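Heads up, the thing below is written out as structure tokens.
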Amino acid sequence: MEFVSKIDRSKRRKQTGEDFTPRALVDMMLDKLPPEEFGKISNFLDPCAGNGNIIIPIIERKLAAGLSYIKALETTWALELMQDNVDEMKERIRMLILEKCPEANMDRVNKIINYNIACGDAFKWDFDNWRSTDYQQLELFG
Numbered sequence: 000m001e002f003v004s005k006i007d008r009s010k011r012r013k014q015t016g017e018d019f020t021p022r023a024l025v026d027m028m029l030d031k032l033p034p035e036e037f038g039k040i041s042n043f044l045d046p047c048a049g050n051g052n053i054i055i056p057i058i059e060r061k062l063a064a065g066l067s068y069i070k071a072l073e074t075t076w077a078l079e080l081m082q083d084n085v086d087e088m089k090e091r092i093r094m095l096i097l098e099k100c101p102e103a104n105m106d107r108v109n110k111i112i113n114y115n116i117a118c119g120d121a122f123k124w125d126f127d128n129w130r131s132t133d134y135q136q137l138e139l140f141g
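Each step along the sequence shown adds one to the number in numbering that gives the first Met the number 0, with nothing skipped, and position 123 is 122.
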């Protein structure tokens with residue numbers, strides 16, 4: 000199932016300098032980890048996640064290694080500066096879970112990804128407490 004982005008990437012690249020990691024490069028990086036690493040209950044974090052090009056294959060590999068969709072999602076974390084990229088990443092994760100785990104409780108899936116996939120600046124983020132340290136953003140979200 001292929002996700003089609005509604006964002007004009009060429010215009011955006013000129014404005015923000017963002018450039019997403021191609022799948023082939025992601026696979027090369029992830030292939031350097033032992034396959035059994037994805038079956039462990041260990042956390043993965045992408046602090047500059049874009050629209051999920053690294054997070055999606057990590058979740059795929061966790062599922063292929065036998066983790067439940069709940070454990071795969073609960074141990075995958077992503078932070079991204081642009082809200083539209085966060086929204087797209089969450090939708091891609093939902094589509095992946097629906098494809099690979101049709102029995103999934105989507106309310107539970109949404110609860111996990113709405114917490115673990117966040118919009119924020121990695122330079123102003125408290126990773127231990129999973130919240131922004133940007134005081135203006137804290138005032139907006141309480």
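A virtual CB, placed ideally from N, CA and C, is assigned to each residue, including glycine. Please read these numbers as outputs of a predicted model, since none were measured by experiment.
### Task
Please name the residue or residues paired with E35 in a DSSP beta bridge.
By 1-based counting over the sequence shown, the position of residue 35 is 36. Looking at the DSSP assignment, E35 forms no beta bridge with any residue, so it has no partner.
### Query
Hey, P46 and A103: beta-carbon distance below 9 Å or not?
Reading the sequence shown from its first residue, position 47 is the one you call residue 46. Reading the sequence shown from its first residue, position 104 is the one you call residue 103. Not a contact, by the Cβ cut-off of 9 Å.
### Task
Could you have a look at F43 and say whether DSSP puts it in helix, strand or coil?
For the purposes of this step, residue 43 is taken as the residue at position 44 of the sequence shown. Here F43 sits in strand by DSSP.
### Query
Which stretch, first to last residue, makes up the alpha helix (DSSP H) that contains I55?
On the sequence shown, residue 55 is found 56 positions in, with the first residue counted as 1. I54 to A63 is the extent of the alpha helix (DSSP H) around I55.
### Task
Ignoring anything shorter than 3 residues or poking outside the segment 61 to 119, list the beta strand (DSSP E) runs there in chain order.
DSSP runs (the beta strand (DSSP E)) wholly in the segment 61 to 119: 75 to 79 and 116 to 118.
### Task
Would you kindly report the start and end of the unbroken alpha helix (DSSP H) that includes D127?
Along the sequence shown, read from residue 1 onward, the residue named residue 127 stands at position 128. First-last for D127: undefined, no H or E at that position.
### Message
I'd like to check one pair, I96 with Y68: are the Cβ atoms closer than 9 Å?
### Response
As a first step, residue 68 is located in the sequence shown; it is residue number 69 there, counting from the start. As a first step, residue 96 is located in the sequence shown; it is residue number 97 there, counting from the start. For Y68 and I96, yes; Cβs fall inside 9 Å.
### Message
Which residue marks the beginning of the alpha helix (DSSP H) containing A23, and which one marks its end?
### Response
Numbered from 1 along the sequence shown, position 24 holds the residue referred to as residue 23. Residues R22 to D30.
### Query
When you compare only the Cα positions, how much space is there between G107 and K61?
As a working mapping, residue 107 is identified with position 108 in the sequence shown. As a working mapping, residue 61 is identified with position 62 in the sequence shown. It is Arg, not Gly, that sits at residue 107 in the sequence shown. Between the C-alpha atoms of R107 and K61 there is a straight-line separation of about 18 Å.
### Task
Just confirm the distance between the C-beta atoms of E17 and G49, as a whole number of angstroms; I'd bet it's less than 8 Å.
What you label residue 17 is simply residue 18 of the sequence shown in a count that begins at 1. What you label residue 49 is simply residue 50 of the sequence shown in a count that begins at 1. Right, their Cβ atoms sit about 7 Å apart.
### Task
Tell me, to the nearest whole angstrom, how far the beta carbon of M88 is from that of G119; I am working on the premise that it is less than 8 Å.
Within the sequence shown, numbered from 1, the residue matching residue 88 stands at position 89. Within the sequence shown, numbered from 1, the residue matching residue 119 stands at position 120. By a beta-carbon distance limit of 8 Å, M88 does not contact G119. Their separation comes to about 13 Å.
### Task
Could you say which of L44, P56 and N109 lies nearest to D127 if we only look at CA atoms?
What you label residue 127 is simply residue 128 of the sequence shown in a count that begins at 1. With distances taken between Cα atoms, D127 lies closest to L44.
### Buried or exposed (CB count within 10 angstroms, at least 16 for buried), W129
Numbered from its first residue, the sequence shown carries residue 129 at position 130. Exposed, since its Cβ has fewer than 16 Cβ neighbours within 10 Å.
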